[in-house]
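For what it's worth, the numbering used here labels the leading residue of the sequence shown as 209, then goes sequentially. We treat Cβ as the ideally placed atom computed from N, Cα and C, and that holds for glycine.
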Amino acid sequence: MLKHFGLVCLVFCLTVGWHQNSHAQDGPIEKLTYDGLERTVYIHVPPSYSESQPVPLVLVLHPFASSGKAMAALTGFDAAADEQGFIVAYPDSANLRWDDGRSTYAPSPGIESVDDLGFITHLIDELTTTYAIDSQQIYLVGSGAGGLMAYRLACEYPERFAKVVVASALIWNYHEDLCPSAAPAPISMLIVVGSNDFYYPLEGRNVEARDPAVTLRVQSMGGTLRFWGERNDCDLNDFEIFTEPAIRLYQNCNNESSLAFLSIENAGNNWLRSTINYQLNQFGVDYTEIATRYLFGPKDGEDWQGLVTKMTTEAVSPETLARNYAVYVPPSYDPTQPTPVVMALHGRPDTGTGMAYLLDLNRVAQTENFIAVYPDGINQGWNYTLGFPGYGDNDINDVEFLGTLIKDLSLDLNIDSQRVYLTGFSNGGFMTQAMACEAADQFAAFAVIGATAFPGFETFCAGTPPIPMLFIHGSLDKSIPWDGLQQSGQWVTYPVSESLAFWAVHNNCDPNQVSQTDLPASGNSPGTSVTVFEFKGCAEDDNILFYEIDGGGHNIPGVPGRLDAEQFGAVNMDIDAPTIIWEFLSQHTLDPLP
């Protein structure tokens with residue numbers, strides 16, 4: 209459990225300039241405005257800091273759907289800063305992702321264009337004014353979408369950074385189009401990518417854009433190295449190759465700059481940490497240690513290449529299955545206070561970051577002060593039928609994975625184990641129901657959107673304890689039909705009515721205590737309406753709440769524009785599903801452990 213984040217927590221908002229306020233939990237809060245938007249950043253100042261001695265600054269940019277406080281907790285850069293004597297800053301993006309130029313190149317509904325280039329450079333200016341910063345030792349670190357932003361900053365303002373570390377990201381074709389054709393200055397860079405990164409495969413991948421006229425492509429490892437090698441005026445024919453670990457190093461570059469690429473065998477998209485306490489993603493390497501060694505040079509005669517070689521040589525389980533996930537920690541998070549968690553499971557085919565975009569749960573987490581977690585299923589889906597009679601077994605134990613993920617996160621975050629909740633959409637909704645039967649002792653309540661029960665539940669869930677459950681389902685859902693789906697005379701998914709009946713019987717609800725409420729129309733959802741059914745008198749007060757979206761499709765009520773309406777149906781705007789989900793889940797608490 210993380211004890212304290214650091215000495216200072218800075219919150220940038222609509223007040224001009226820097227002003228100190230008090231906060232009951234976090235201590236001093238600072239405020240700033242940029243371009244009329246509220247911005248937040250967490251800053252850690254090492255105990256050794258003195259205004260009389262300029263120190264290095266490390267700027268750390270979080271991945272998609274994450275946050276500065278999440279990045280601080282999961283990377284452990286605070287401890288590195290204390291040891292090395294640098295200030296570290298973790299800013300928050302204004303949207304789910306940093307605006308590295310993609311918003312104008314290929315915009316996504318619900319994600320507005322933001323001047324993050326201006327914000328980051330303005331942030332650096334403010335920090336160098338407020339603290340004694342060595343302007344020759346300003347470093348940039350980015351992971352995932354934060355790495356993409358680091359790429360854009362590196363090609364626009366290379367003179368502002370001494371070195372850059374990018375993890376879990378390769379360049380996109382729009383970086384090539386948007387970056388200045390002539391590099392203002394060379395910049396030394398280390399790029400680290402896992403060989404099993406779904407989002408950034410080493411061979412690159414094409415990405416379907418909403419506008420068919422727009423081409424989106426993640427460039428390959430070779431394309432990424434060629435782009436930066438040419439900008440640094442490196443001799444691309446003069447490089448060193450290390451096979452174990454896989455390192456490619458270009459040192460014959462302009463103005464003593466260098467370019468390095470490190471591939472971690474079998475690793476995925478997460479920021480890797482190496483300790484005996486973590487269970488997931490143990491590939492023997494620690495990105496924080498590697499980045500710190502790269503930025504600040506050898507320690508006890510060992511450079512970053514030697515460190516990586518030692519780490520990979522001593523790796524215990526190189527065949528570990530990579531499991532990806534995104535974590536959002538709100539700015540109001542206080543590491544001294546236990547904080548609830550909502551884990552959200554994506555549909556199929558999708559990813560955790562796709563679920564974060566679809567559900568828009570971070571918006572609620574920010575105001576209600578809970579942690580949001582978005583894990584990835586293997587092959588973009590969940591193995592919710594593991595152990596169910598009549599289904600095949602692909603050996604992927606997602607029940608175990610989700611429980612282990614909470615345990616790993618609890619090592620870095622002060623998680624309230626009595627207030628951990630689970631929600632899921634579509635395929636993730638099936639998995640949520642499986643977890644309700646399999647892990648009722650780990651999650652306090654459950655919420656399902658666009659999913660029903662399915663054959664095998666009757667046997668698999670028999671004898672399991674009652675659980676509080678929320679359902680949301682559209683009557684015109686084509687993906688998971690209201691009346692169920694049959695193939696060759698066999699049920700694939702049960703009708704909504706039978707699914708509700710199953711859970712009502714499972715929870716031993718009183719059939720005479722079912723209430724019905726028609727919600728008033730907001731006028732923003734022509735053709736759809738909402739009726740709420742509450743099943744009361746259930747065992748242990750574990751009631752069931754059902755939102756029928758008459759005329760609604762396979763989507764998230766209250767979150768428009770994410771899914772194509774022609775394919776997935778109308779979005780009802782009379783309710784806000786992420787808010788409804790939190791209001792329901794937060795009413796329930798697990799009994800404390802004996």
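Chain-order list of residues whose beta-carbon lies under 7 Å from that of residue i (same chain, five-residue window excluded)
i	result
residue 162	No information on residue 162 is available, as it lies outside the stretch 209 to 802 that the chain covers here.
residue 465	394, 395, 396, 440
residue 769	317, 318
residue 691	703
residue 437	444, 458, 467
residue 645	668, 669, 672
residue 558	588
residue 274	534, 535, 536
Test item: CB-CB of residue i and residue j under 9 Å
i	j	result
residue 263	residue 339	yes
residue 585	residue 639	yes
residue 727	residue 772	no
residue 298	residue 314	no
residue 647	residue 610	yes
residue 322	residue 245	yes
residue 292	residue 504	yes
residue 182	residue 723	Any question about residue 182 goes unanswered here, given that the chain covers just 209 to 802.
residue 577	residue 541	yes
residue 563	residue 592	no
residue 452	residue 521	yes
residue 341	residue 295	yes
residue 470	residue 454	yes
residue 565	residue 269	no
residue 752	residue 786	no
residue 300	residue 326	no
residue 288	residue 402	no
residue 267	residue 365	no
residue 532	residue 602	no
residue 805	residue 255	The requested residue 805 does not occur in the structure, where the chain is confined to residues 209 to 802.
residue 353	residue 373	no
residue 546	residue 625	yes
residue 375	residue 499	yes
residue 539	residue 622	no
residue 655	residue 629	yes
residue 755	residue 767	no
residue 735	residue 759	yes
One or two residues paired with residue i in a DSSP bridge
i	result
residue 681	756
residue 725	740
residue 371	347, 396
residue 380	426
residue 654	630, 677
residue 414	425
residue 456	449, 469
residue 842	Since the first residue shown for the chain is 209 and the last is 802, residue 842 is missing from the structure and cannot be characterised.
residue 778	760
residue 534	582
residue 699	694
residue 241	246
residue 401	471
Neighbourhood of residue i by C-beta, 6 Å cutoff - its chain only, sequence neighbours within 5 removed
i	result
residue 230	Residue confidence is low: residue 230 scores 29 on pLDDT, short of 50, so the model does not pin down where it sits. No coordinate-derived value is stated.
residue 330	242
residue 481	494
residue 798	626, 652
residue 412	426, 427, 428
residue 235	Residue placement at residue 235 cannot be trusted, given a pLDDT of 28 that sits under 50; the coordinates are not used to answer.
residue 290	254
Residues near residue i in its chain [Cβ-Cβ closer than 8 Å; skip 5 each side]
i	result
residue 697	none
residue 762	634, 658, 682, 685, 686, 687, 688, 771, 776, 777
residue 612	487, 488
residue 693	699, 700, 701
residue 371	347, 348, 395, 396, 397, 398, 502, 503
Practice item. Could I get the ranges of all uninterrupted alpha helix (DSSP H) runs contained in the segment 425-451, with 4 residues as the minimum, in chain order? Key: Fully enclosed alpha helix (DSSP H) runs of 4 or longer: 429-439.
Review point. Are there three or more Cβ pairs, one per stretch, closer than 8 Å when the segment 382-399 is compared with the segment 426-439?
Key: yes
Exercise for review: Spell out a yes or no on whether the segment 711-722 and the segment 744-754 are touching, meaning 3 or more CB-CB pairs, one atom from each, closer than 8 Å.
Suggested key: yes
Point to revise | Uninterrupted beta strand (DSSP E) stretches inside the segment 537-624 (no shorter than 3 residues) | key: 547-553, 579-583
Point to revise | Runs of alpha helix (DSSP H) wholly within the segment 251-332 (minimum 4 residues, chain order) | key: Fully enclosed alpha helix (DSSP H) runs of 4 or longer: 276-283, 285-292, 310-313.
Exercise for review: Report yes or no: do three or more beta-carbon pairs, one from the segment 496-515 and one from the segment 431-438, lie closer than 8 Å?
Suggested key: no
Review point. Could you give the uninterrupted runs of the alpha helix (DSSP H) lying entirely in the segment 479-518, keeping only those of 4 residues or more?
Key: 495-504
Check your understanding: Does the segment 613-633 come close enough to the segment 664-675 to have 3 or more Cβ pairs within less than 8 Å?
Key -> no
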